[in-house]
Structure formats: structure tokens, C-alpha cells
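One structure is given below, encoded as C-alpha cells.
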Amino acid sequence: MHDKSGEPVIELVAEFLTARATRKPSPHTQEAYRRDLLAVAALAAELATPPLPLADLRIDALSPGLLRSAFARFAADRAATSVGRAWSTWNGFFTFLVAEQVVPGNPMPAVGRPRAPLPQPKPLRGEDTPERLLTSAARGEGRQRDPWPERDVAVLALALCAGLRLSELLALRVGSLSGRPGERRVEVAGKGGRPRVLPVEPGLDAVVSDYLDSRVRRFGARTVRPDSPLLVDRRGEPLRRGGLQYLVESCYRRAGVGDRVPAGARLHALRHTFATRLAEDGAGAAEIMRLLGHASLASSQTYIEVTAGQQREAVRANRTNRALVGLVWPQPG
């Protein structure tokens, strides 16, 4: 792609999205790229001198000044996280254009990028909630047309004891678990294409083995080949995003712990609980980073900080501390 410095922005956006599609992003992610690129481009077209229809905006018109103005307008009614995501998308867009020799340089470093605060962990509330949830799932409590407690416990245990994300759970294969007894491990296809290997303790290993045995009884041994999806629905089909979310929600409901699940962190609360308990039991930020597959140490450090805050709250609640109030004697003098 050469000599395209006068190309319409919308045509180059389409080429960029086609190039990104080879990385197999989710449809949701691909749509977010398109939306962020076209929204800022439309504002740049309005702010150009003279104003232009979006279809007439050329790539060589996107000066650092015009982009700063467009991003300022874009940021006016949006959260910092949304603006930061759009900035990253545009930075990737211009990086692509530079690599394709469409533009001589990337103007995005000259455009301000907001610093979004790191999201705070949202573990399950209540000291006994994870155990209560697992016990309920194991008993098959609640009215279900086709209860499958072995599968439900395996899903919850993989999230609570390995800290897996929703996408990582769905990507697991039967052969993802390997190793000799006592040295079992699970290979995870992590976020951003970063693979990691996690140790599997005997309890989790037994739960997953029990689930696979129940699956053989339901659907036959051919359904548990190494390349078969690890998690399936009650028909034996690969479990999908909506089905996994519904499964976890139904486990919360049957266990009666729905009020202990933070808003906006339904399945992710299980992963946060795993990390928070690691921190409470003395794991350092570097260990948590490796186990969770975080790209930066700062994300893992938030679990340490939250745990410290919880410890202070527990100390503050101690009745003896309250009894000390008023027991400070005035100094002589």
C-alpha cells in the first residue's frame, strides 16, 4: 500500500480492520475498533477548516492539532477508560499506516491520553462464600431439569482455584491438563496471546477427573479426546460465553449468595476471589502476576493493597481498640 497519503480515512479504516481480523479478535472487539475510529474521525471532519463530510476526510488532513481537538470533543462526555481505549485504537491504526508507508509518522504521542485508574478487585463477599458455593453445586441443589453437579463444580473450581478468565475457560481443551499425579498442570491460552502454565493441586485435579468421568457416562469416551473442548453443555456441545455466564449465575442463585456478588463482576468475581485469597495468604505481587497472566505488576499490586485495607478494617472493628478511646493521659508540664 503506497502513495495513499490522500486516501479517505474511512477506506483506510476498513483496510486496518481487515488486517486486524487476521489476529482473530472477537466480534465485540472488532466492532469497538470500528466504532472508536469512526467516531473520532467524524469529529475531526466536523472540526476541519472548512468542515467536511466524513467520506471526504483524507488521511493527510489529520494533523496533531486536529486530532487533539477531535479527542477533546470525544472526551467531553465519556469516561477516561473509553477515551483511553479509543486512543489505543488510533495509535494502533497509525502504527499500521506507518508500517504500510501511508503516513511518515504517528501523531498520537502528541495527543493527550488520560490515565484511567486501575480497576479495583471485586471478590465474592463473605469469608465462607466460595465454600458455600461449591458445596451447593456439588449437592445439585435447586430445581434443574438435568442436573450435572460434576460439571458445575468443575467450572467453579477452575475459576476459584486457577483464577481463569471467561475466555480462558472456554478455550480449554481436555488435553490442556497434563502431567503426572502430584505434578499436574493446566496450559492456558491467556489474554493477548500470552500463554501460561498453572499448577493443578490434587483437589482440583480430582474435581476435573470426576467431571470427565461423568461426561464419558453421558456422551461416551469419544467426547473426551485431548482436542475436545473441556467444558460442554448438557447436550455435549462446546459451552459458549452466554451458556457459561448463565451456568455461574444459576450456581449463585441456587447457593443463595447472589447478594454477595459485586455488581459488574459476576463470573470475574471468582477470579478476583482467587487472587485476593492468594494475597491474604502471603503471595507477592510478582507471584499473583504470573498466576493471573497480568501484563503489568501494577494490576497485581491492587490485590495486595485491597488486602491491606481489609486487614485494617478488621483491626479497627476489634472492640478492644474502641476501649482505648479516652485512655490517653495528659502529659505533665
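In terms of the numbering used here, the sequence shown opens at residue 14 and continues consecutively. The beta carbon of each residue, even a glycine, is placed where N, CA and C say it ideally should be.
Rounded to whole angstroms, what's the CA-CA distance from ARG209 to THR62? Just pull it up for me.
Note on geometry: alpha-carbon atoms of ARG209 and THR62 lie some 51 Å from one another.
CB of ALA151 within 7 Å of CB of PRO162, strictly
yes
For ARG186, which three-state DSSP category applies?
strand
Quick one: which unbroken alpha helix (DSSP H) runs of 4-plus residues sit fully inside the stretch 136–204? Chain order, please.
The DSSP assignment places 142–152, 162–175, 179–184 as complete runs of the alpha helix (DSSP H) inside the stretch 136–204, in order along the chain (cut-off: 4 residues).
Within the same chain, show all residues whose beta-carbon is closer than 6 Å to that of SER101, passing over the 5 residues directly before and after it, in chain order.
none
Among ASP73, LEU80, SER39, which has the Cα closest to the Cα of GLU20?
ASP73
Pick helix, strand or coil for PRO21, following the three-state DSSP scheme.
Here PRO21 sits in strand by DSSP.
Exposed or buried, what is ALA58 when buried is set at 16 or more other beta-carbons lying within 10 Å of its beta-carbon?
Its Cβ being crowded by 16 or more others within 10 Å, ALA58 is buried.
Please list, in chain order, all residues of the same chain as GLY153 whose beta carbon is under 7 Å from its beta carbon, the five residues on each side excluded.
PRO160, PRO162
LYS135 burial status per 10 Å Cβ neighbour count (16 or more: buried)
buried
My output table needs one value for GLU28: the three-state DSSP class, helix, strand or coil.
helix
Please state the DSSP three-state secondary structure of ARG71.
ARG71 falls in the strand class under three-state DSSP.
CA nearest to the CA of VAL187, picked from ARG36, ALA202, LEU244, ARG71
Looking from the CA of VAL187, the closest CA among ARG36, ALA202, LEU244, ARG71 belongs to LEU244.
What residues in its chain sit with their C-beta under 6 Å from that of GLY192, if we drop five residues either side in the sequence?
ARG198
Quick one: grab the DSSP three-state call for VAL116.
coil
Measure the beta-carbon distance from LEU211 to VAL201 and round it to whole angstroms, keeping in mind my assumption that it falls under 8 Å.
6 Å
Where does ARG33 sit, in a helix, a strand or coil, going by DSSP?
helix
Distance check for ARG253 and ALA268, CA to CA, integer angstroms please.
C-alpha of ALA268 to C-alpha of ARG253: approximately 23 Å in a straight line.
Of all the options PHE84, SER95, LEU177, THR35, which has the alpha carbon lying nearest to the alpha carbon of HIS281?
Across the set PHE84, SER95, LEU177, THR35, the C-alpha of LEU177 shows the shortest separation from the C-alpha of HIS281.
Using 7 Å as the threshold, is the C-beta distance between VAL213 and LEU225 below it?
At the C-beta level, VAL213 and LEU225 stay beyond 7 Å of one another.
Can you look up PRO122 in the DSSP assignment and give me helix, strand or coil?
helix
Cβ atoms of PRO143 and LEU4: under 7 Å apart, would you say?
No information on residue 4 is available, as it lies outside the stretch 14 to 346 that the chain covers here.
Return the Cβ separation of LEU5 and ALA83 in integer angstroms, given the expectation that the two are a contact with Cβ distance under 8 Å.
Shown here, the chain extends from 14 to 346; a query on residue 5 therefore has no answer.
PRO66 to ALA55 span [Cα, whole Å]:
So the alpha carbons of these two residues sit roughly 8 Å apart.
Where ILE23 and ARG91 are concerned, what is the direct C-alpha to C-alpha distance, given to the nearest angstrom?
23 Å
What distance in whole Å lies between the Cβ atoms of ALA278 and HIS285, which are believed to be in contact at a cut-off of 8 Å?
Contact flag correct, Cβ pair sits at about 6 Å.
Over what stretch of residues does the beta strand (DSSP E) that includes GLU211 continue unbroken?
Per the sequence shown, the amino acid found at residue 211 is Leu instead of Glu. Bounds of the beta strand (DSSP E) holding LEU211 are 208–212.
From GLU196 to ALA175, what distance separates their C-alpha atoms?
15 Å
Who does VAL245 pair with in a DSSP beta bridge?
PRO251
Pair within 7 Å by beta-carbon distance, PRO120 and LEU80:
The answer is yes: Cβ separation under 7 Å.
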